[in-house]
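Numbers given in the numbering used here equal positions in the sequence shown, counted from 1, plus 67. Backbone N, C-alpha and C define an ideal beta-carbon position, used for all residues, glycine too. Computed from a predicted structure; not experimentally measured. Presented below is the structure to which this report refers.
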Amino acid sequence: MPLKIENEIRDSLATVYFIYPEQVRMAKDALFSITEDEFLAMYDFKELKKAGLYGINWRTKKDKLEKELRINFQALRTFFNKVSQSDDCIIFYVV
């Protein structure tokens, strides 16, 4: 679900993003439309390691990353499911 200009508030200190209840439901539906294995397939361990993203370095094992991704995938599903049931917005910022 792409964010649009309507999904941000800018000031001199930061840009805050938010998604409306309908967008929360769309994101939840997208998360529940894929399996854990499909989610994992979106992450290329070698490329992430090369770029040094997500705290991955030369000592990081692929199995450890996959375990963390599985935990995060389930947490995302739980979070978006809960928020979609309460008909709330999600507010966040990227550091």
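For F147, DSSP assigns no beta-bridge partner whatsoever.
Burial of F147 is indicated by the presence of at least 16 other C-beta atoms within 10 angstroms of its C-beta. Beta-bridge partners of Y84 (DSSP): E75 and F159.
DSSP, read as helix, strand or coil, puts G119 in coil.
Annotation: R92 to V150 spans about 8 Å, alpha carbon to alpha carbon. Closest in alpha carbon position to D155, among K134, I101, Q90 and W125, is Q90. Remark: C-beta atoms of F159 and Y87 do not approach each other more closely than 8 Å.
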